[in-house]
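Trainee: What follows is a structure written as structure tokens; I'll ask about it next.
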Amino acid sequence: MKFQLDFGQASYQIQRYDSQSVTINDKIYTQSIIVMPEYLSEWAVKDFNRLEPDHFQRLRALCPEVVLLGTGAAIHFPTPELLTPLTHDGIGVEVMNTPAACRTYMILMAEGRKVAAALLFE
């Protein structure tokens, strides 16, 4: 018997990733992005140290259940003030390195969850 993981009807699936880039639907991205099962956009964040509350307001407007913040090769935790736009509305936030965020995104997407991966690259 052959088993195959079903990703449903999601339009944006991560195919490959590392701390420098991600490949989604055969296109390589090296700049910061936001990806959801039915949404993909550049994220105007140059690096972790330049994150501002407005960056998280943009994520909040997408109304995800959970945000996976991929912070590059290493895990960097944002201050609680930065995450206030999300936590105030009960949106879960998980901080991890970018490869882990990509793996977790694919699992949650396959479960039909409304997940957003906000991915930073170094």
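All residue numbers for the sequence shown refer to the working numbering, where the first residue is 10 and numbers rise by one.
Each residue gets a CB set at the ideal place from its N, CA and C atoms; glycine is no exception.
(1) Per DSSP, what are the beta-bridge partners of E103 in this structure?
(2) So, with DSSP's three-state summary, where would you put Y21?
(3) Can you tell me which of the three DSSP states L71 falls into?
(4) Output needed for T75: all residues of its chain with C-beta closer than 6 Å, excluding positions within five of it in sequence on either side, in chain order.
(5) Put E90 into one of helix, strand or coil per three-state DSSP.
Mentor: Straight from the coordinates:
(1) L77
(2) DSSP places Y21 in the coil class of the three-state scheme, outside both helix and strand.
(3) coil
(4) The residue asked about is misnamed: residue 75 is Val in this sequence, not Thr. Take V75, set aside five residues on each side of it, and the residues of its chain with a beta-carbon closer than 6 Å to its own are G101, V124, in chain order.
(5) helix
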